[in-house]
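Per my numbering, the sequence shown starts with residue -13, numbered consecutively. Here a beta-carbon is modelled for each residue, glycine too, at the ideal position from N, C-alpha and C.
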Amino acid sequence: MVARAFAAMVLSNVCLAFGPVSVRLAAAYSDIGPVTSAFWRLGLAIPVLFVLTRVMRQPIPRMGRGMVLMLLTGGLFFAADLGSWHVGILQTRLANATLFGNITTFTFAIYGMIVARALPSRMQGIAMALAFGGVGLLLGRSYELSREYLVGDLFCIFAGLSYTGYLIAMGKARGILQPMPALFVSTLAGAVPMLFAALAMEGKLMPDAWWPVLALAIGSQVIGQGLLIYAIGHLPPLIIALGLLIQPIVSTALGWEFYGEKLAMFDWIGGAAICIALILVRRGERPAVAKPAQPV
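The structure is reproduced here in structure tokens:
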């Protein structure tokens, strides 16, 4: 079960790494703003997720007030994350957006230590050092602080903090709910405020081309978030947090393939360091995790 969850975590981050490219494609071909593309990512995913709850026999159960509030909170955090990150992606460099948007790696790992009331084991500590060093090497050449990118960088930082709140809320929800119901309700909760924000901030709601927003909804929300929510129910926060670093590796590869960004020796070393870190943290001692939800 843990091995399956680890594989799901890896694949989820590979899918999520394509998100920034889809956002830029939506801006170029669909002629919609970043907040509107964030709404369609959630809105188009809702019927698909509802069908999946039926097909996978994971019905939405009757929930207490506390669980409803938890899922609504998760949805609001996710809406804040998506809206601010999509805006930031278009106002800063992709490397900056990837780096600042993934500060969740640090914040969610710290949350896991607080919950476990323990520092990382030696193996986990080595893995964290390797991972953070790898990120520094991977993004060091392309990351750039500049007044020109300041607003976009701040949006991406806020997105990373909001995503931490979302992961915490969904981690608690997954202690009771199965993945599809948890993701469906939180996506629905996030889509409502995103709709009002899109109408208020950007006006134009209907895209000129649907394929970029469909790719964003299916690739990032249904597949990417679906696999991640499944993994959260079986893996500790430290592994989930370090797994987010897969996204910079994939983003760098996408830049190489589609934007002609050549990879230097440090890029390869940084990517290898993150991969080794994921192997080490997988083999290290793991704190107790919440039991996965039982079928209802």
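- For the set Val(-12), Met(-5), Met(-13) and Arg133, the Cα lying nearest the Cα of Ala227 is the one of Met(-5).
- Shown here, Met192 sits in coil according to DSSP, grouped into three states, outside any helix or strand.
- Look at Ala3 here: in three-state DSSP terms it is coil, with no helix or strand label.
- Check the Cα spacing between Ile235 and each of Arg(-10), Phe(-8) and Cys1: the tightest is with Cys1.
- Here Leu136 is exposed: its Cβ has fewer than 16 other Cβ atoms, across all protein chains shown, within 10 Å.
- No Cβ-Cβ contact shorter than 7 Å links Leu30 with Pro198.
- With 16 or more other CB atoms across the displayed protein chains lying within 10 angstroms of its CB, Trp71 is buried.
- Ranked by how close their Cα comes to the Cα of Met53, the residues Thr84, Thr22 and Ala168 have Ala168 in first place.
- For Ser107, the three-state secondary structure derived from DSSP is coil.
- Note that the C-beta distance between Ile75 and Gly146 is not below 7 Å.
- In the DSSP annotation of this structure, Arg133 is not part of any alpha helix (DSSP H), being labelled neither H nor E.
- Sequence-distant partners of Trp26 (beyond 5 residues in either direction) whose C-beta falls short of 6 Å from its own C-beta, in its chain, are Val199.
- In chain order, Val208 place their CB closer than 6 Å to the CB of Val34, counting only its own chain and leaving out the 5 sequence neighbours on each side.
- Taken in chain order, the complete alpha helix (DSSP H) segments of 4 or more residues contained in the segment 18 to 61 are 20 to 29 and 31 to 41.
- Contact between the segment 86 to 103 and the segment 175 to 194 is absent: fewer than 3 CB-CB pairs across the two stretches fall below 8 Å.
- The beta carbon of Phe36 is closer than 8 Å to those of Phe170 in its chain, skipping five residues each way along the sequence.
- Around the Cβ of Asp139, a 10 Å sphere holds 16 or more other Cβ atoms; the residue is buried.
- Distance check between Val21 and each of Ile215, Trp254 and Ala177 places Ala177 closest, using alpha-carbon atoms only.
- For the options Gly19, Tyr149 and Phe94, the alpha carbon positioned closest to that of Val73 is the one of Gly19.
- Secondary structure note for Ser172: its alpha helix (DSSP H) is the uninterrupted segment Pro165 to Met187.
- Taking every protein chain shown into account, the CB of Asp17 has fewer than 16 other CB atoms within 10 angstroms, so this residue is exposed.
- The distance from the Cβ of Tyr152 to that of Gly60 is about 5 Å, consistent with a contact at the 8 Å cut-off.
- At a cut-off of 4 residues, the continuous stretches assigned as alpha helix (DSSP H) that sit fully inside the segment 63 to 95 are 80 to 87.
- Take the alpha-carbon of Ser237 and the one of Gly122: they are about 14 Å apart.
- Annotation for Phe64: Tyr152, Ser172 and Gly176 place their beta carbon closer than 7 Å to its own, counting only its chain and skipping 5 residues before and after.
- In the structure shown, Leu214 adopts helical secondary structure according to DSSP, grouped into three states.
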